[in-house]
């Protein structure tokens with residue numbers, strides 16, 4: 022009888038300790054999450070001031086102004102670097118960048134000054150510093166929906182839009198083989214109009230999606246900041262460098278000069 026009582030007491034003690042640990046753990050997570058939410062709440066949300074179809078610079082070359090790092094759990098830090106020089110070209114002229122450092126999963130930053138939802142372009146120049154996956158994917162709005170242009174994802178081999186008709190860039194009509202070199206600057210552009218989403222890598226258009234009748238959306242697990250802020254740049258287990266990024270409104274009838 023005594024042994025049974027002692028055994029029950031030990032079991033009850035273990036249960037109480039486990040419960041206390043669980044409460045402490047979840048409370049800690051709640052505090053961390055609340056802290057992240059509080060930091061995000063302090064970020065000013067001001068709509069970008071456009072003048073006609075002129076480009077608006079989204080990186081001032083001096084700081085993270087206009088951007089907020091994502092906090093997704095395991096994200097690498099996003100930071101301003103004043104004098105970046107690629108390892109493979111040590112004699113290159115130092116350049117200021119926004120650096121999205123490799124994390125356990127997804128890392129990135131959100132633009133806090135408001136997006137345009139239709140008839141606009143975003144253009145950015147970026148480099149994969151290290152890693153083997155996408156280094157400067159861009160999420161953006163299309164009317165009330167959101168999608169992501171993923172250049173060189175899925176192990177550095179696929180380019181396209183996620184998602185179209187509930188299919189990722191790796192398995193929908195925008196998918197194409199796209200292998201990009203490490204430590205080389207590339208120019209990317211997305212163009213959103215009433216009937217199309219177009220995406221370029223340098224001078225080559227790799228996405229020409231007619232959107233009528235298409236279901237557009239984000240893949241499961243995409244950062245909630247995309248819907249809050251509208252424009253989000255991300256890297257997956259890879260370090261990316263962005264040396265310029267800009268946005269402009271466009272005349273929907275304007276023709277582009279890039280090669281198709």
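Residue numbers (our numbering): 22 to 281. Note that the Cβ used here is the ideal one computed from N, Cα and C, for glycine as well. As the structure is a prediction and not an experimental result, all values here were calculated from the model.
> Got a sec? Which residues, its chain only, sit under 6 Å from residue 191 by beta carbon, not counting five neighbours each side?
Replying inline: For residue 191, where only same-chain residues beyond five positions count, the Cβ hits under 6 Å are 175, 179.
Check your understanding: Can you tell me the Cα-Cα spacing of residue 81 and residue 100, whole angstroms?
Key -> 13 Å
Worksheet entry | Range of the contiguous alpha helix (DSSP H) that encloses residue 248 | 246–250
| Per DSSP, residue 98 forms a beta bridge with which residues? | None, per the DSSP bridge assignment.
Based on DSSP bridge pairs, tell me the residues matched to residue 262. Paired residues: 120, 148.
Exercise. Just the C-alpha distance for residue 125 and residue 155, rounded to the nearest angstrom, thanks.
Key: 14 Å
Exercise for review: Return the residue from the list 249, 71, 83, 272 that minimises the CA-CA distance to residue 18.
Suggested key: Beyond the ends of the chain as shown, which are 22 and 281, falls residue 18; an answer cannot be given.
Checklist entry - How would you label residue 114, buried or exposed, when you count the other beta carbons within 10 angstroms and need 16 or more for buried? => result exposed
message = Within a Cβ cutoff of 8 Å, which residues of the same chain sit near residue 230, ignoring the five residues on either side of it in sequence?
response = 182, 185, 194, 195, 217, 218, 219
Specify the secondary structure class of residue 125 as computed by DSSP and reduced to three states. In the structure shown, residue 125 falls within a coil segment according to DSSP collapsed to helix, strand and coil.
Practice prompt. Spell out the partners DSSP gives residue 155 in its beta bridges.
Written response: Answer is none; residue 155 lacks a bridge partner.
Determine the contact status of residue 116 and residue 269, defining contact as a CB-CB distance below 9 Å.
no
query = Do residue 159 and residue 209 have their CB atoms nearer than 9 Å?
reply = In this structure, residue 209 lies closer than 9 Å to residue 159 by Cβ.
Point to revise | Among 273, 145, 165, nearest to residue 172 - alpha-carbon criterion | key: 145
Which residues DSSP lists as bridging residue 253, in chain order:
131, 160
- Might you give, ordered along the chain, the residues of its own chain that have their beta carbon closer than 6 Å to the beta carbon of residue 252, omitting 5 neighbours on each side? 132, 136, 161
With DSSP run on the structure shown, which of helix, strand or coil describes residue 5? Here the chain covers residues 22 to 281 and nothing more, so residue 5 does not appear.
Self-check item: Secondary structure of residue 172, DSSP reduced to three states
Solution: Three-state result, residue 172: strand.
Is the separation between the beta-carbon of residue 177 and that of residue 149 shorter than 9 Å? A contact, by the Cβ cut-off of 9 Å.
### Backbone CA spacing between residue 273 and residue 142 [nearest angstrom]
11 Å
- In the structure shown, what three-state DSSP assignment does residue 71 receive? coil
Rounded C-beta distance between residue 246 and residue 91? I'm assuming under 8 Å.
6 Å
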